[in-house]
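Here is the structure we will look at, set down as structure tokens.
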Amino acid sequence: MEACISDGERHYWCVSSPTMKDKPVQIRPWRLSESDFVLDASQPLDPRKTIFVGGVPRPLRACELANIMNSLYGGVCYAGIDTDPELKYPKGAGRVAFSSQQSYIAAISARFVQLRHGADIDKRVEVKPYVLDDQMCDECGGAMSGGKFAPFFCANVTCLQYYCDHCWGVIHDPASGGSSTSRWLKKGQIGPVLCRSGGDVHNWWRLLFMCARVFSYLQGFVRCRVALRV
Numbered sequence: 001m002e003a004c005i006s007d008g009e010r011h012y013w014c015v016s017s018p019t020m021k022d023k024p025v026q027i028r029p030w031r032l033s034e035s036d037f038v039l040d041a042s043q044p045l046d047p048r049k050t051i052f053v054g055g056v057p058r059p060l061r062a063c064e065l066a067n068i069m070n071s072l073y074g075g076v077c078y079a080g081i082d083t084d085p086e087l088k089y090p091k092g093a094g095r096v097a098f099s100s101q102q103s104y105i106a107a108i109s110a111r112f113v114q115l116r117h118g119a120d121i122d123k124r125v126e127v128k129p130y131v132l133d134d135q136m137c138d139e140c141g142g143a144m145s146g147g148k149f150a151p152f153f154c155a156n157v158t159c160l161q162y163y164c165d166h167c168w169g170v171i172h173d174p175a176s177g178g179s180s181t182s183r184w185l186k187k188g189q190i191g192p193v194l195c196r197s198g199g200d201v202h203n204w205w206r207l208l209f210m211c212a213r214v215f216s217y218l219q220g221f222v223r224c225r226v227a228l229r230v
């Protein structure tokens with residue numbers, strides 16, 4: 001940082017290449033202590049009242065994220081910025097824990113929030129429930145899944161429960177008399193996903209597009225092999 005050239009709150013470092021000499025490159029320092037911030041130490045952290053914030057601007061600190069969310073919804077007790085495990089630099093995502101269910105519901109119901117940082121960052125980011133990997137089914141407590149963790153989470157604000165395959169079919173599968181709602185497949189799990197939201201439909205179109213590209217590549221590869229044999 002001592003070798004940088006400062007211009008107000010911005011810092012630049014001159015880098016040379018074979019085609020350009022002393023090109024100013026902006027440097028954004030990050031203090032490791034700015035990755036976590038406790039706004040209310042008197043409240044216990046509840047993972048099930050925690051939201052995931054995607055697309056967080058990298059210069060945004062945890063304390064700033066906590067204050068923005070607290071001003072919008074109240075009840076924030078903790079905020080964290082996800083960092084790369086090796087580089088320790090922000091990955092562009094964060095987590096916010098609330099002390100009240102009301103604030104948590106208000107945040108995930110909004111779905112999007114405007115994050116402002118300095119004079120040149122004004123970004124609309126997505127807010128989702130923070131899905132955990134080590135939760136038992138809320139309906140049967142793991143009795144119907146042999147004690148395995150629940151693979152499904154219902155993101156509907158009227159539910160927000162974790163389910164095993166059996167209980168999901170009983171509670172939310174219309175074919176079994178349950179209520180139809182959107183669901184999320186938990187991270188690291190593979191299985192059928194019911195497409196209800198616009199985001200799910202978009203993901204399915206992306207998957208179909210990728211499959212088409214792979215199929216086109218394989219066709220070209222086969223034609224090339226045939227031509228070589230001839």
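Here UniProt numbering is used: the first residue of the sequence shown is 1, the next is one more, and so on.
All C-beta atoms in this analysis are idealised placements derived from N, C-alpha and C, irrespective of residue type, glycine included.
1. Helix, strand or coil: which one does DSSP assign to Tyr163?
2. Quick one: give me the first and last residue of the beta strand (DSSP E) that residue 238 is part of.
3. To the nearest angstrom, how far is the alpha carbon of Arg10 from that of Tyr162?
4. Where in the UniProt domain "RRM" (49 to 128) do unbroken runs of the alpha helix (DSSP H), each at least 4 residues long, occur, reported from the N-terminal end onward?
5. Trp30 lies in the beta strand (DSSP E); which residues open and close that run?
6. Between Arg28 and Pro59, which are expected to be in contact by the criterion C-beta below 8 Å, what is the C-beta distance as a whole number of angstroms?
7. Leaving aside the five residues before and after residue 235 along the sequence, list all residues of the same chain whose C-beta is less than 8 Å from its C-beta, in chain order.
8. If I follow the unbroken beta strand (DSSP E) through residue 232, where does it start and stop?
9. Could you tell me the boundaries of the beta strand (DSSP E) in which Arg12 lies?
10. Helix, strand or coil for Val131 per DSSP?
11. So what does DSSP say about Val157, is it helix, strand or coil?
12. Compare the Cα-Cα distances from Thr83 to each of Ser100, Val76 and Gly54 and report the closest residue.
13. Given that a residue counts as buried once 16 or more other Cβ atoms are within 10 Å of its Cβ, and exposed if not, what is Arg206?
14. Which residue from Gly8, Met1, Asn67 and Val127 puts its Cα closest to that of Ala119?
15. Give the DSSP bridge partners of Lys23, in chain order.
By the coordinates alone:
1. strand
2. A query on residue 238 cannot be resolved here, the shown segment of the chain reaching from 1 to 230 and no further.
3. 45 Å
4. 62 to 73 and 101 to 110
5. Counting along the chain, Trp30 falls outside any beta strand (DSSP E), and DSSP gives it neither H nor E.
6. 6 Å
7. Nothing can be reported for residue 235, as the shown portion of the chain is limited to 1 through 230.
8. Nothing about residue 232 can be reported from this structure: the residues present for the chain run from 1 to 230 only.
9. The question names Arg, but residue 12 in the sequence shown is Tyr. It spans Arg10 to Val15 - the beta strand (DSSP E) in which Tyr12 sits, taken as one unbroken run.
10. coil
11. coil
12. Gly54
13. Confidence at Arg206 is low in this model, with a pLDDT of 49, below 50, so the placement of that residue should be treated as unreliable; the coordinate-derived value is given next. Arg206 comes out exposed.
14. Gly8
15. Val15
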